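Numbering (our numbering), first residue to last: 966 to 1681.
Heads up, the beta-carbon is just placed ideally off N, CA and C, and yes, glycines get one too.
These numbers were taken from a predicted model, which means no experiment stands behind them.
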Amino acid sequence: MNTFKRIFTYVWPQWHRVSLVVFCAFAIAILTSATMLTIIPILKVVLENGLHSWMDTQVTEARYGLQFNLPQTDHLTISSVDEKGLAAQAGILPNEMIKGVYENPNQRDNALSHMLKTLATTQQESITLSVAHIEGDTISTRDVTLSTPMDHNAVEILDLGTFHRLRFVINQWLATTGQALVAPLPREDTPRNKMIVMGAIASLIMILTILRCIAKFAQVYYAEKIVQNSVHSMRVKIFSNLTHMPLSYFANERPSDSVSRITRDTAEMNSALKIMLGKALREPLNALFLILTALWLNWKLALIFMVGGPFVVVFAVQIGRKIKKATRHSLVASSLMLSKLEEAMAALRVVKVYNQQEHEQRRFTEISGQLLKQQLRISKADAATSPVLEIAGLGAACGAIMMGTHFVNQGFESSKFLTLLVLLGAAAEAIRKSSDIWTKVQRANAAAERVFGLMDQPLETDNEGTEDLTPLKKSIEFKNIHFTYPTAKTPALKGVDLSVQAGQTIAIVGPNGSGKSTLTNLLPRFYDPQQGRILMDGTDISAVTLKSLRQQLGMVTQQVVTFNDTIANNIAYGKPDATQEDIEYAAKRAYAHEFIEILPEGYQSMIGEHGAGLSGGQLQRIVIARAILNNPPILIFDEATSQVDAESEAKIHKAVEEVMAERTTFIIAHRFSTVVSADRIVVMDKGRVAAQGTHEELIKTCNLYQSLYETQLISD
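In structure tokens form, the structure reads like this:
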């Protein structure tokens, strides 16, 4: 879970919204419990002696610790006495009967409603009770002086611990509040008054419901806002890390896996975070307050209902472990499927021309089957959660019903019992709704491990003590360069020594795999050599900032890289502040202006995904225009004309020649027309510099160059 907890580092900056969401969740829970409690007054009004009679009974219990067997006709039979209450202090015992309640001994009224009202509403410090004690066939009556909560000395004498004192204070507050709420309602138990009281209760329910729904709206909306902002920040951070990771990472990993982590894995985290700030906060709080309310009504029955809790916790933990494991495997399978889809779509022409549709279908079916297997495991665990919790809840509820029936037979109010059952039923429903929370969190935990695993990859960083590199003026030197790719067993470069003067054009030729591209990829420090140094004007490039180093370089590769944006923005990619005049000037020098200006939208024409809509030669000239606009001192052309038609090649070659005259240029090419005009040709073979010189020199002295010239450079 430590990995999943890291998600909240993106949540906490929105602490003010989180606080509001938590407040709303508490409000929902409290209002839900309050709404449930209205069942008791409804039952009292409909089935028993009325709302005021019930409220007086509740206040009497809170004030003195007295419970009665109701309804009664002419006296109050005491069912129980709280041993830490004022009634016990006065010596009143269970099963005794209260025959009269007197604030003033000269004004005696023994009516039941008057006795309850006096007990509940008196503001005197003490009152007098006429108490009858039954022992066998003998009934004895005595007057008892009963202290009220207004007698602070009597309250202080009570042997109340911290918990009981807190309960006493809360009960007094609830009693006072309840009295204030029902005071405006009529006391007489007539049909008309019952309708008035029921209307008041219905209005209260409506007010509580409206407030609860407002709180729920606020919680859901702001939770969603928190989640979306958090996941947005996370995705931005991941993408930022991806762009700053060394290329060696992508040599070992599939790009589609990184895409899957940014999209699907963060979606899993999105779902779990939404639950954590929504249902996972709201439903457990609902269950908690409903159970607390049930405990307040009768703690014994509530505890019976809760006996299944430990079993539920153990079951949820076991299910969560299985789901986390299956989710981890499913995310990997999903990544593989995405990779296969991208591969098949990119190679669709090849698939069709070689009639390999069935082969690709078999491979895709196999990958999709692996994903299906893991998803079914998750579904199986998800499906088992709710029924198991339902069985556990039903068992606990049945036990509570059986015990509750016994309590009712012993004098426990049936209205309270029914309300308690509704509270426990609602709590069980809240727990059932919470049943998938843990499984969702475990799924998100598996996704978080993959996402943060990507975010924790080391980034390209400047070495200590680095300085900015000044523009090249003298030379570039490769000194004893040794380099092996991370996943390769054999070195790509073996002791390369090469010196290039500023302003020279260097053509690098050699068989495939000889190290041509690797050598130029070391210049922008896409990779660092394991041995040796590269110096620019005598400064080791490992001792300068990456930004200043790469500002010196422009690169045009065999693989044309354009973005799904306008032509103007593609040309200005390395120089976002370029003016339209600058862009057009660069395009003219790259011989791209001639086809751009005839497009319907000119420089604002969109280049589709993967360069769709333009030919390879046109795209290559746009890329050259990009390099020209950036105006770097050093240019690298890596097979820049290997996949274009003759007309495009001629224009590209002409553009390259014009640009090369002003800067240091490295050209990797297979075609004679590009190589022959270079100041120097470097022949690479098996990671070493086999020879170097002009075309005329090498054609006479280097057998490998002669072979390359005959088989590659003039083969077209």
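Item                                                                                                                                                                    : Value
For Glu1662 and Ala1537, what's the separation of their Cα atoms in angstroms?                                                                                          : 40 Å
Of all the options Ile1396, Gly1418, Phe1631 and Leu1301, which has the alpha carbon lying nearest to the alpha carbon of Ala1472?                                      : Phe1631
Leaving out five residues before and five after Thr1666 in sequence, what residues of the same chain have Cβ atoms less than 8 Å from its Cβ?                           : Ala1656 and Gly1658
Beta carbon of Thr1527, beta carbon of Met1571: below 7 Å?                                                                                                              : no
Which value, in whole angstroms, describes the spacing of the CA atoms of Asp1681 and Glu1675?                                                                          : Low confidence applies here, because Asp1681 scores a pLDDT of 45, under 50, leaving its location unreliable; read the following figure in that light. Their backbone Cα atoms lie some 10 Å apart in a straight line.
If you drop the 5 nearest sequence neighbours on each side, which residues of the same chain put their C-beta closer than 7 Å to that of Cys1081?                       : At residue 1081 the sequence reads Leu, which differs from the Cys that was named. These residues qualify, in order along the chain: Ser1018, Asp1021, Thr1022 and Thr1025.
If I'm right that Ala1395 touches Asn1251 with Cβ under 8 Å, what's the distance once you round it to whole angstroms?                                                  : 4 Å
Find out if the Cβ-Cβ distance for the pair Thr1629, Gly1503 is shorter than 7 Å.                                                                                       : no
What number of angstroms, rounded off, separates the C-alpha of Lys1287 from the C-alpha of Phe1329?                                                                    : 26 Å
Is Leu1212 closer than 7 Å to Phe1491 when the C-beta atoms are compared?                                                                                               : yes
Going by Cα to Cα distance, which pick from Gly1243, Ser984 and Gln1517 is closest to Lys1181?                                                                          : Gly1243
Alpha carbons only, please: which of Leu1437, Ala1412, Leu1084 and Leu1388 is nearest the one belonging to Ile1256?                                                     : Leu1388
Candidates Lys1444, Lys1438 and Met1001: which alpha carbon is nearest Thr1384's?                                                                                       : Met1001
Under 7 Å, do Pro1489 and Ile1446 count as touching if we go by C-beta distance?                                                                                        : no
To which residues of the same chain is Leu1500 closer than 6 Å at the C-beta, ignoring the five residues directly before and after it?                                  : Glu1442
Just to confirm my understanding: we take Ala1053, look at its own chain, exclude 5 residues before and 5 after, and list those with CB closer than 7 Å. What are they? : Gly1030, Val1046 and Asp1047
Counting only the same chain and skipping the five closest in sequence on each side, list residues whose C-beta sits under 7 Å from that of Glu1061.                    : Ile1043, Val1096, Ala1097 and His1098
For Tyr1670, which three-state DSSP category applies?                                                                                                                   : helix
Tell me, to the nearest whole angstrom, how far the beta carbon of Ile1166 is from that of Ile1007; I am working on the premise that it is less than 8 Å.               : 6 Å
If you pair each beta-carbon of the region 1584-1599 with each one of the region 1550-1570, do three or more pairs fall below 8 Å?                                      : yes
From this set, Phe1560, Asn1235 and Leu1169, which residue's C-alpha is nearest Gly1581's C-alpha?                                                                      : Phe1560
Do you know how far the Cα of Glu1121 is from the Cα of Phe973?                                                                                                         : 48 Å
DSSP three-state call for Leu1434: helix, strand or coil?                                                                                                               : coil
Under three-state DSSP, which class holds Asp940?                                                                                                                       : The structure shown does not extend to residue 940, since the chain is modelled only from 966 through 1681, so no value can be given for it.
Under a three-way DSSP split, which group does Ala1552 fall into?                                                                                                       : helix
Give the DSSP-derived three-state secondary structure of Asp1047 in the structure shown.                                                                                : coil
Return yes when the Cβ of Ala1643 is within less than 7 Å of the Cβ of Thr1470, no when it is not.                                                                      : yes
Quick check on the DSSP output: what are the complete alpha helix (DSSP H) runs of length 4 or more inside the region 1130-1171, in order along the chain?              : none
Go to Ile993, then tell me how far its alpha helix (DSSP H) extends in each direction, as first and last residue.                                                       : Trp980 to Leu1002
In chain order, what residues of the same chain have a beta carbon less than 7 Å from the beta carbon of Ile1402, not counting five sequence neighbours either side?    : Ile1240, Lys1244 and Ala1245
I need the straight-line Cα distance from Glu1604 to Leu1584, nearest angstrom please.                                                                                  : 14 Å
What are the partner residues of Tyr1067, as DSSP defines its beta bridges?                                                                                             : Thr1093
For Arg1653, which residues does DSSP report across the bridge?                                                                                                         : Asp1650
Where Asp1650 and Thr1455 are concerned, what is the direct C-alpha to C-alpha distance, given to the nearest angstrom?                                                 : 14 Å
Check the DSSP bridge columns for Val1521 and list the partner residues they point to.                                                                                  : Phe1602
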